[in-house]
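Engineer:
Residue numbers (our numbering): 121 to 268.
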């Protein structure tokens, strides 16, 4: 009887130790993907040249964006820029959006105003502009589903 009690106690202790060992095992023992940012907010006036890289994609226009004169906004291949309602990307400086066949750049959104090149320069290659609300040849160039 005493032997059986010792065996049950020993079995319980071993099971408890195994459960605790698994529960307390360092997280590094299991490979995990790094946390992915869901989106990067973008808005306001850009006064210094900058690059939108793939790691921060998608970029969401939470307000309209203005690239000022003398400033360059570069967008890396594969980046997605999402406009929100009544927001635009206005270029007074330079926009370089050079995608590739395998990593195109996408400008998209829901009821967004689009890309406005207003006395600036825009170089787009392997880029898609979609779901923009307006198309007008006045002032700047308001885009409407145009594909490059």
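The C-beta atom is built at its ideal place from N, Cα and C for all residues, glycine as well.
Using a Cβ-based criterion (distance less than 7 Å to any ligand heavy atom), does residue 183 qualify as near the ligand HEM?
Structural biologist: Among the components modelled here there is no ligand, and therefore nothing to report on the ligand HEM.
Engineer: Would you mind stating whether residue 188 and residue 167 have Cβ atoms separated by less than 8 Å?
Structural biologist: Contact flag set, yes.
Engineer: Taking the CB atoms as reference points, tell me whether residue 198 and residue 181 lie closer together than 8 Å.
Structural biologist: Going by C-beta atoms, residue 198 is not nearer than 8 Å to residue 181.
Engineer: Determine the direct distance from the alpha carbon of residue 212 to that of residue 169, and round the result to whole angstroms.
Structural biologist: Residue 169 and residue 212: Cα-Cα distance of roughly 12 Å.
Engineer: Residues in the same chain with beta-carbon distance under 6 Å from residue 159, minus the five sequence neighbours each way, listed in chain order, please.
Structural biologist: These residues qualify, in order along the chain: 178 and 180.
Engineer: Quick check on the DSSP output: the beta strand (DSSP E) that includes residue 217 runs from which residue to which?
Structural biologist: 214 to 218 is the span of the beta strand (DSSP E), which, as asked, contains residue 217.
Engineer: Using 10 angstroms around the beta-carbon of residue 226, count the other beta-carbons present and answer buried if the total reaches 16, otherwise exposed.
Structural biologist: It counts as buried.
Engineer: At what residues does the beta strand (DSSP E) containing residue 202 begin and finish?
Structural biologist: Note, residue 202: beta strand (DSSP E), 200 to 203.
Engineer: Roughly how many angstroms lie between the CA atoms of residue 228 and residue 209, to the nearest whole one?
Structural biologist: Taking the straight line joining both Cα atoms gives about 11 Å.
Engineer: If you measure between the beta carbons of residue 195 and residue 201, is that distance less than 8 Å?
Structural biologist: It is a contact, given that the beta carbons lie within the stated cut-off.
Engineer: Count the other CB atoms, across all protein chains shown, that sit within 10 Å of the CB of residue 190; report buried if there are 16 or more and exposed otherwise.
Structural biologist: Exposed.
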